[in-house]
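Trainee: Mind having a look at this structure? Questions to follow.
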Amino acid sequence: MLTDDIFFASIAELGAQLRARKLSPVELTEGYLARLEKFGPRLGAVVTVMRESALREARTAERELKQGRARGPLHGIPFGVKDLLATHDAPTTWGATPYKDQRFDYDATVVKRLRDAGAILVAKLAMVELAGGMGYSHAEASLTGAGRTPWNTDYWSGGSSSGPGAAVAAALVAFAIGSETSGSIITPAAFCGVSGLRPTYGRVSRHGAMALAWTLDKLGPMCRSAADCGYVLAAIAGYDALDPTSHNRPFRYPPPVPVRPPRRKLRVAVLKDSFEKAQKEVRDNFLASLEWLKQTTQVTMDVKLPDFPYGAVVGTIVDAEGASAFRDLIESGRVKDLAVPEDRIGGYAMMLVPAVDYIHAMRLRAPMRRAWADMFKQYDLLVAPSRATVANPLNKSFGEAWPGVSAASPIGAANAVGVPAISVPNGFGVEGLPTGLQLVGPAWSEDLLVDVAVRYQQATDWHKRRPPLA
Amino acid sequence: MSKQSRARVSTVDPARRRFTKAVASAIAAAPLVAAGIADGAHAQTPPATKEPAAPPNPQPTPTPQPPSPVAEAYGEVARARFGERLTADELTRVRRSVAGKVARGDALRNAKLQNGDEPDFIFNA
Numbered sequence: 041m042l043t044d045d046i047f048f049a050s051i052a053e054l055g056a057q058l059r060a061r062k063l064s065p066v067e068l069t070e071g072y073l074a075r076l077e078k079f080g081p082r083l084g085a086v087v088t089v090m091r092e093s094a095l096r097e098a099r100t101a102e103r104e105l106k107q108g109r110a111r112g113p114l115h116g117i118p119f120g121v122k123d124l125l126a127t128h129d130a131p132t133t134w135g136a137t138p139y140k141d142q143r144f145d146y147d148a149t150v151v152k153r154l155r156d157a158g159a160i161l162v163a164k165l166a167m168v169e170l171a172g173g174m175g176y177s178h179a180e181a182s183l184t185g186a187g188r189t190p191w192n193t194d195y196w197s198g199g200s201s202s203g204p205g206a207a208v209a210a211a212l213v214a215f216a217i218g219s220e221t222s223g224s225i226i227t228p229a230a231f232c233g234v235s236g237l238r239p240t241y242g243r244v245s246r247h248g249a250m251a252l253a254w255t256l257d258k259l260g261p262m263c264r265s266a267a268d269c270g271y272v273l274a275a276i277a278g279y280d281a282l283d284p285t286s287h288n289r290p291f292r293y294p295p296p297v298p299v300r301p302p303r304r305k306l307r308v309a310v311l312k313d314s315f316e317k318a319q320k321e322v323r324d325n326f327l328a329s330l331e332w333l334k335q336t337t338q339v340t341m342d343v344k345l346p347d348f349p350y351g352a353v354v355g356t357i358v359d360a361e362g363a364s365a366f367r368d369l370i371e372s373g374r375v376k377d378l379a380v381p382e383d384r385i386g387g388y389a390m391m392l393v394p395a396v397d398y399i400h401a402m403r404l405r406a407p408m409r410r411a412w413a414d415m416f417k418q419y420d421l422l423v424a425p426s427r428a429t430v431a432n433p434l435n436k437s438f439g440e441a442w443p444g445v446s447a448a449s450p451i452g453a454a455n456a457v458g459v460p461a462i463s464v465p466n467g468f469g470v471e472g473l474p475t476g477l478q479l480v481g482p483a484w485s486e487d488l489l490v491d492v493a494v495r496y497q498q499a500t501d502w503h504k505r506r507p508p509l510a
Numbered sequence: 579m580s581k582q583s584r585a586r587v588s589t590v591d592p593a594r595r596r597f598t599k600a601v602a603s604a605i606a607a608a609p610l611v612a613a614g615i616a617d618g619a620h621a622q623t624p625p626a627t628k629e630p631a632a633p634p635n636p637q638p639t640p641t642p643q644p645p646s647p648v649a650e651a652y653g654e655v656a657r658a659r660f661g662e663r664l665t666a667d668e669l670t671r672v673r674r675s676v677a678g679k680v681a682r683g684d685a686l687r688n689a690k691l692q693n694g695d696e697p698d699f700i701f702n703a
C-alpha cells in the first residue's frame with residue numbers, strides 16, 4: 041500500500057525510486073488511478089480515467105526498467121492532460137457537450153513525446169468548455185461541471201486548465217499538461233497552489249491540441265514544483281514538423297551550464313499597481329516574496345509596461361481567431377448545448393469583429409514585442425502576484441466574486457507578446473486558499489524562470505503543503 | 579427559453595429587413611471613418627477589459643455608457659444574422675457584447691501605427 045508521501049513526491053524522487061526498482065510503475069499507476077477515481081469526481085477534475093491503457097503502459101515501463109532500459113527522468117511516471125489534447129485511445133471532449141463523443145486516431149505531439157519518454161497517461165483532465173473562448177463568467181462552464189480547488193471545494197480550481205490544476209494539487213497525477221491562451225495555466229496554478237509554466241510561444245508543439253487562437257495558444261507543464269516543470273518541459277519542447285509555429289529551441293533540464301549571469305545580480309522589475317490593491321493576504325505574501333528576492337537580486341519597484349492597448353489586442357485576436365475556429369459550431373446554433381448561458385451566445389458577437397480590427401491588433405504585436413524586448417534589456421524578470429485574489433467562490437460569477445479588489449496584471453500583455461511565465465505558490469489567503477507569485481521573462485528565458493523558481497522553492501515550503509483531502 | 583420569445587425575435591417585417599441591409603452596408607465604412615478621426619490620437623493603455631481564456635483579474639467596473647450609433651448598427655447585424663436563434667433577452671445581451679467590442683475597436687484605433695507596420699504573422703508561398 042503506497043502512502044501519500046509517494047503520491048505527493050516530486051518527479052525526481054519518484055524517478056529515482058522507479059529506476060532503483062524500489063517502486064513499481066504498475067503499483068504507482070494503480071495508486072494514482074485509485075485516487076483519480078476517488079477524488080476526481082468530487083473535484084470536477086477528470087473527464088476520462090484511462091485505466092486499461094495506463095496499466096498496459098505501466099507494465100511496459102516495468103518490464104523495461106527491470107531490463108535496465110531507463111528512458112529518462114519521466115519513465116514510469118503517471119500524468120494527465122487537459123482534455124483538449126488528442127489521444128488515439130480515449131475521447132477528446134474539449135470540455136464541451138457538443139464534442140463529448142469526439143475521437144481522434146492519433147496522439148497530440150506532446151502526448152506522443154511524453155509517452156515516448158516512458159511517462160504513463162492515466163487521465164484526460166477537465167477544462168473550461170472550449171478553453172473559455174466563448175467568454176464564460178461562471179465556474180460551471182464545463183462539460184464536467186465546476187472544477188474545485190482541493191484546498192477548499194467551495195471554491196474554483198481556476199480556468200481554463202481547471203482539471204490539471206486540481207489533479208496536480210491533490211496528487212491524482214504526478215504532473216499534468218495545461219494550455220494557455222491568456223491566463224489558463226497561471227490562473228489555475230495560483231488557485232490550486234501548484235507550479236505552472238507557460239512557455240514561450242513556439243517552444244512547444246500544439247499539433248493535436250484544440251485551437252482557440254492560433255497566434256496565442258501555448259501548452260505547458262503544471263506540476264508540484266518548479267523543478268518538475270523543468271523536467272516536463274525538457275520532454276515536450278522542440279521543433280515539430282506538424283506545427284509550423286514550433287521552433288528548434290530544445291530545453292534541457294537540469295541545465296547543462298549555470299543559467300544566471302555570473303558577474304551581476306539579477307535585475308527584477310515589480311509591475312506597477314500589481315499588488316497594492318490586491319487582497320490583503322495576496323499583497324502580504326507578495327511582499328514577503330519580494331523580501332526573498334531582494335536578498336539576491338536588484339529589485340526595482342513600480343515598473344510600468346510599455347504603453348499599448350493589451351486588453352483590446354488580446355480580446356480582438358481571441359474573438360476573431362476563436363470565431364473562425366468555431367464558426368461551424370456558432371453558425372449551426374449548436375453553441376446552445378454549451379454549459380453556461382454566456383457561452384451559448386458569446387460566439388455571435390465574436391463573429392462580428394471587423395477584419396480590419398483583427399489586422400490592426402496583429403500589426404500592434406510587432407511594436408509591442410520590440411518594446412518588451414527593450415524592457416527586458418533593463419530587467420531580467422518582471423514579477424507580480426499570479427492573481428490579485430485567491431480562488432473565486434463557486435456560487436458567484438467572476439464579476440461578483442471579490443468586489444473592491446483591483447490590480448494590474450501582466451497576464452494579457454505577456455500572452456500578447458508570447459513571452460514565458462511561471463507561477464509558484466507563495467502562501468495562503470482567506471478560506472485557506474493558496475496565493476501565487478508570477479515571474480515573467482523575455483522570450484526563451486524558461487531556463488532562468490525555472491532556476492529562480494527552484495531557488496525560491498529551496499528557500500520556502502509552500503509547494504510542499506498538501507490540501508486537506510479525506 | 580420559451581418558443582414564444584423565439585418567435586417574437588425572428589418575426590422581422592420587410593421594412594426592418596431593408597433597414598438592416600442598409601445598416602450592414604454602412605458599417606463596412608464606419609471603422610474607416612473612425613480610424614481617420616483617431617489618426618492624431620496618442621496610443622494609450624486602457625485597463626485590460628478581457629482575458630478570455632481565464633477569468634479577468636479584478637478591474638474597476640466601468641460606468642455603463644449608452645451604445646454608440648455604430649454599436650447599435652452592429653447590433654442590428656447580429657439580429658439579422660442570428661436573431662432567429664435568440665430570445666429577446668439573449669439578443670439584448672448580444673447587443674451589449676457587440677457594443678463592448680465596438681468600444682474595444684476604438685481603443686485599438688487609438689494606438690498609432692505607421693503604414694509599414696506589418697501584421698505579426700508571415701505568409702509563406
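As they're listed, the protein sequences go chains A and B.
Going by the numbering used here, the first sequence opens with residue 41, and the numbers climb by one from there.
Going by the numbering used here, the second sequence opens with residue 579, and the numbers climb by one from there.
Where is the CB? At the ideal position from N, CA and C, for every residue including glycine.
Quantities reported herein were computed from a predicted structural model and do not represent experimental measurements.
Please confirm whether residue 121 of chain A and residue 216 of chain A have their CB atoms less than 8 angstroms apart.
Mentor: Stepping through the first sequence from its first residue, residue 121 of chain A is reached at position 81. Stepping through the first sequence from its first residue, residue 216 of chain A is reached at position 176. Going by C-beta atoms, residue 121 of chain A is nearer than 8 angstroms to residue 216 of chain A.
Trainee: I want to verify the contact list: residues of chain A whose CB lies under 7 angstroms from the CB of residue 697 of chain B, in sequence order.
Mentor: Locating residue 697 of chain B in the second sequence gives position 119, counting from the first residue. Going along chain A in sequence order, the residues near residue 697 of chain B (Cβ under 7 angstroms) are 399, 402, 403.
Trainee: Check for me: the beta strand (DSSP E) holding residue 2 of chain A runs from which residue to which?
Mentor: This structure cannot speak to residue 2 of chain A, because chain A is shown only from 41 to 510.
Trainee: So which residues of chain A does residue 660 of chain B contact, with C-beta pairs closer than 7 angstroms?
Mentor: Mapped onto the second sequence, residue 660 of chain B falls at position 82. Ordered by position in chain A, the residues that pass the 7 angstroms Cβ test against residue 660 of chain B are 388.
Trainee: Suppose you measure from the CA of residue 331 of chain A to the CA of residue 451 of chain A; what does that come to, to the nearest Å?
Mentor: Along the first sequence, one-based indexing puts residue 331 of chain A at 291. Along the first sequence, one-based indexing puts residue 451 of chain A at 411. Computed Cα separation, rounded: 23 angstroms.
Trainee: Taking DSSP as the reference, what is the three-state secondary structure of residue 219 of chain A?
Mentor: Your numbering for residue 219 of chain A matches position 179 in the first sequence. The answer is strand: DSSP assigns residue 219 of chain A an E or B state.
Trainee: Closer than 6 angstroms by C-beta to residue 706 of chain B: which residues in its own chain qualify, once you throw out the five before and the five after it? Chain order, please.
Mentor: With chain B covering only 579 through 703, there is no way to say anything about residue 706 of chain B.
Trainee: Buried or exposed: where does residue 146 of chain A fall if 16 or more other Cβ atoms within 10 Å of its Cβ makes it buried?
Mentor: Here residue 146 of chain A corresponds to residue number 106 of the first sequence, with the count starting at 1. By the neighbour-count rule (16 or more Cβ atoms within 10 Å), residue 146 of chain A is not buried but exposed.
Trainee: Strictly by DSSP, which residues pair up with residue 262 of chain A?
Mentor: On the first sequence, position 222 is the one that residue 262 of chain A refers to. Answer is A/216, A/236, bridged to residue 262 of chain A.
Trainee: Need the endpoints of the beta strand (DSSP E) that residue 462 of chain A sits in, please.
Mentor: Taking the first sequence and counting its residues from 1, one reaches residue 462 of chain A at position 422. Element bounds for residue 462 of chain A: 461-468.
Trainee: DSSP has residue 359 of chain A in a bridge; who is on the other side?
Mentor: Here residue 359 of chain A is taken as the residue at index 319 of the first sequence, counted from 1. In DSSP, residue 359 of chain A forms no bridge with anything.
Trainee: Select from A/342, A/405, A/198, A/376 the residue whose C-alpha is nearest the C-alpha of residue 348 of chain A.
Mentor: As a working note, residue 348 of chain A is residue 308 in the first sequence. Ranking A/342, A/405, A/198, A/376 by Cα distance to residue 348 of chain A puts A/405 first.
Trainee: Counting C-beta neighbours from all protein chains within 10 Å, is the total for residue 644 of chain B 16 or more, i.e. buried, or is it exposed?
Mentor: Position 66 of the second sequence, counting from 1, holds the residue named residue 644 of chain B. Looking at its Cβ environment, which holds fewer than 16 other Cβ atoms inside 10 Å, residue 644 of chain B is exposed.
Trainee: Measure the C-alpha to C-alpha separation of residue 493 of chain A and residue 476 of chain A and round it to an integer number of angstroms.
Mentor: Against the first sequence, residue 493 of chain A aligns to sequence position 453. Against the first sequence, residue 476 of chain A aligns to sequence position 436. For residue 493 of chain A and residue 476 of chain A, the distance between alpha carbons rounds to 12 angstroms.
Trainee: Rounded to the nearest angstrom, what separates residue 388 of chain A and residue 660 of chain B at their Cα positions?
Mentor: Walking along the first sequence from the start, residue 388 of chain A turns up at place 348. Walking along the second sequence from the start, residue 660 of chain B turns up at place 82. Rounded to whole angstroms, residue 388 of chain A to residue 660 of chain B spans 7 angstroms at the Cα level.
Trainee: Thinking C-alpha only, which one of A/75, A/134, A/317, A/230 is nearest residue 472 of chain A?
Mentor: Here the question's residue 472 of chain A lines up with position 432 in the first sequence. It is A/230.
Trainee: May I ask whether a heavy atom of the ligand NAD can be found less than 7 angstroms away from the beta carbon of residue 489 of chain A?
Mentor: With respect to the ligand NAD, the structure shown offers nothing to examine, as it has no ligands at all.
Trainee: Chain B beta carbons: is any one of them nearer than 8 angstroms to that of residue 438 of chain A?
Mentor: If you number the first sequence from 1, residue 438 of chain A lands on position 398. By this cut-off, residue 438 of chain A is an interface position.
Trainee: List the residues of chain A that residue 685 of chain B touches, going by C-beta distances under 7 angstroms, in chain order.
Mentor: Within the second sequence, the letter at position 107 stands for residue 685 of chain B. Near residue 685 of chain B (Cβ distances below 7 angstroms), the residues of chain A are 349, 352.
Trainee: Which value, in whole angstroms, describes the spacing of the CA atoms of residue 277 of chain A and residue 291 of chain A?
Mentor: Taking the first residue of the first sequence as 1, we reach residue 277 of chain A at position 237. Taking the first residue of the first sequence as 1, we reach residue 291 of chain A at position 251. Cα to Cα, the separation comes out at about 6 angstroms.
Trainee: Can you grab the Cα-Cα spacing for the pair residue 395 of chain A / residue 681 of chain B, in whole Å?
Mentor: The residue labelled residue 395 of chain A in the question sits at position 355 within the first sequence. The residue labelled residue 681 of chain B in the question sits at position 103 within the second sequence. Distance between the alpha carbons of residue 395 of chain A and residue 681 of chain B: 15 angstroms.
Trainee: Counting only runs of 4+ residues fully inside the segment 246-307 of chain A, write out the alpha helix (DSSP H) ranges in chain order.
Mentor: Runs of the alpha helix (DSSP H) inside the segment 246-307 of chain A: 266-276.
Trainee: Using DSSP with H/G/I as helix, E/B as strand and the rest coil, what is residue 227 of chain A?
Mentor: As a position in the first sequence, residue 227 of chain A is number 187, starting the count at 1. Looking at residue 227 of chain A - three-state DSSP - the assignment turns out to be helix.
Trainee: Check the C-beta distance from residue 186 of chain A over to residue 179 of chain A and give it rounded, since I have them as a contact under 8 angstroms.
Mentor: Working through the first sequence from its first residue, we reach residue 186 of chain A at position 146. Working through the first sequence from its first residue, we reach residue 179 of chain A at position 139. With 8 angstroms as the limit, residue 186 of chain A and residue 179 of chain A qualify as a contact, their Cβ atoms being about 4 angstroms apart.
Trainee: Just to confirm before moving on: does the CB-CB distance between residue 110 of chain A and residue 59 of chain A stay below 8 angstroms?
Mentor: Residue mapping note: residue 110 of chain A aligns to position 70 of the first sequence, counting from 1. Residue mapping note: residue 59 of chain A aligns to position 19 of the first sequence, counting from 1. For residue 110 of chain A and residue 59 of chain A, yes; Cβs fall inside 8 angstroms.
Trainee: Spatial neighbours of residue 647 of chain B within its chain, please: CB distance less than 8 angstroms, with the 5 preceding and 5 following residues excluded, ordered by chain position.
Mentor: One-based indexing of the second sequence puts residue 647 of chain B at position 69. So the list is empty, once near-sequence residues are dropped.
Trainee: For the candidate residues A/169, A/177, A/195, A/139, whose alpha-carbon lies nearest to that of residue 201 of chain A?
Mentor: Position 161 of the first sequence holds residue 201 of chain A. Out of A/169, A/177, A/195, A/139, A/169 has the C-alpha closest to the C-alpha of residue 201 of chain A.
Trainee: Does residue 196 of chain A come out as helix, strand or coil in the three-state DSSP assignment?
Mentor: What you label residue 196 of chain A is simply residue 156 of the first sequence in a count that begins at 1. Strand.
Trainee: Exposed or buried, what is residue 326 of chain A when buried is set at 16 or more other beta-carbons lying within 10 Å of its beta-carbon?
Mentor: Position 286 of the first sequence, counted from the first residue, corresponds to residue 326 of chain A. Its Cβ being crowded by 16 or more others within 10 Å, residue 326 of chain A is buried.
Trainee: Mind checking residue 668 of chain B: buried by the 16 CB within 10 Å criterion, or exposed?
Mentor: By one-based count along the second sequence, residue 668 of chain B stands at place 90. Per the 10 Å Cβ criterion, buried.
Trainee: Buried or exposed: where does residue 108 of chain A fall if 16 or more other Cβ atoms within 10 Å of its Cβ makes it buried?
Mentor: Position 68 of the first sequence, counted from the first residue, corresponds to residue 108 of chain A. By the 10 Å Cβ count, residue 108 of chain A comes out exposed.
Trainee: Which stretch, first to last residue, makes up the beta strand (DSSP E) that contains residue 421 of chain A?
Mentor: What you label residue 421 of chain A is simply residue 381 of the first sequence in a count that begins at 1. Note, residue 421 of chain A: beta strand (DSSP E), 421-425.
Trainee: Can you give the Cα-Cα distance for residue 245 of chain A and residue 237 of chain A, rounded to whole angstroms?
Mentor: Position 205 of the first sequence, counted from the first residue, corresponds to residue 245 of chain A. Position 197 of the first sequence, counted from the first residue, corresponds to residue 237 of chain A. Taking the straight line joining both Cα atoms gives about 15 angstroms.
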